[in-house]
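Asks: Below: one structure in structure tokens.
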Amino acid sequence: MAVMKVIEIMASSPKNWEEATKNAIAHASKSVKHIKSAFVQSQSVVVNNNNVEEFRVNVKITFEVK
């Protein structure tokens, strides 16, 4: 039986939500090992002068505690 832990990460990207999600995982992997999955809980954008400037995600990352 494995012990799993879930953390929440907020990340962003000027390009798209997929890159924002990858940024969240890359940032988490600097201090967390054995990442098993990620769940995008919510997505949002920052709008300025009727243009999307930034894509944001709130990601739940699950990792195994060894």
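The numbering of the sequence shown is our numbering, which starts it at 87 and goes up by one.
The beta carbon of each residue, even a glycine, is placed where N, CA and C say it ideally should be.
1. Does any CB atom of chain C fall closer than 8 Å to the CB of valine 138?
2. With asparagine 137 as the anchor, note down where its beta strand (DSSP E) starts and where it stops.
3. Closest to tryptophan 103 by C-alpha separation, out of Lys122, His120, Ser128 and Ser115, would be which residue?
4. Could you please give the first and the last residue of the uninterrupted alpha helix (DSSP H) stretch that includes lysine 108?
5. Are phenylalanine 139 and valine 145 closer than 8 Å when you measure CB to CB?
Replies: Reading off the structure:
1. Absence of chain C from the displayed structure is noted, only one protein chain being present.
2. 137-151
3. Measuring from the Cα of tryptophan 103, the nearest candidate turns out to be Ser128.
4. 103-114
5. Contrary to the premise, residue 139 reads as glutamate rather than phenylalanine in this sequence. For glutamate 139 and valine 145, no; Cβs fall outside 8 Å.
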